[in-house]
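Data block below; observations after.
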Amino acid sequence: MRNIDAMLRLVLLLKKDQHPSRKILATIALLFSVILIDYVLYWTHYEPLYPYLTGLPDCFIFLFGPLFYLYFKSIFSKNLFKKKDVWHFAAFVLCFIRISPFYFSSNSFKYDFLTHKIQLPQNYFWGLAWIGIAHMSI
């Protein structure tokens, strides 16, 4: 069912002649669907079966604020995107840079991590909390 939901949102993104706010809202819904799929995989313990999805949704939470900002801006203003709006995505970029060594590691490495065969250093994901705190304080 979630796959159908994600595919419908992808179709909405690719549909031509739409107001930008619809595309932004479809992007938000698609990201939310991906995060829900990640949560379901985690709580049902199926995450080791799909190691290539591990770590990707961790950075998506930093996209919701800027995307909602652009969504409301596109509804109430004619100017959708300015150069200074790029700074709103800085937290996502920093998170992606921080988690990219893990995300681009091999599936076997992720599988071993998910099945507790190996442990990462204790401070491996340390920067994510500080990125979140900085993101919420701006």
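Quick note: to get our numbering, add 1313 to the position in the sequence shown (first position is 1). By construction, the Cβ of each residue, glycine as well, lies at the ideal position given by its N, Cα and C atoms.
Alpha carbon to alpha carbon, how far is residue i from residue j?
i, j, result
"Phe-1409", "Ile-1374", "11 angstroms"
"Lys-1396", "Phe-1402", "11 angstroms"
"His-1429", "Leu-1344", "28 angstroms"
"Leu-1393", "Ser-1387", "5 angstroms"
"Asn-1420", "Lys-1391", "45 angstroms"
Helix, strand or coil: how does DSSP classify residue i here?
i, result
"Asn-1420", "helix"
"Phe-1394", "coil"
"Leu-1383", "helix"
"Gly-1378", "helix"
"Ala-1430", "Per the sequence shown, residue 1430 should be read as Lys rather than Ala. Residue state, collapsed to three classes: coil."
"Tyr-1363", "coil"
Could you tell me if residue i is buried or exposed, where buried requires 16 or more neighbouring beta carbons within 10 angstroms of its beta carbon?
i, result
"Phe-1426", "buried"
"Ile-1444", "buried"
What residues in its chain sit with their C-beta under 8 angstroms from that of residue i, if we drop five residues either side in the sequence?
i, result
"Leu-1433", "Phe-1415, Phe-1426"
Between which residues of its own chain and residue i is the CB-CB distance below 7 angstroms, once the five residues before and five after are set aside?
i, result
"Ser-1334", "Tyr-1384, Ser-1387, Ile-1388"
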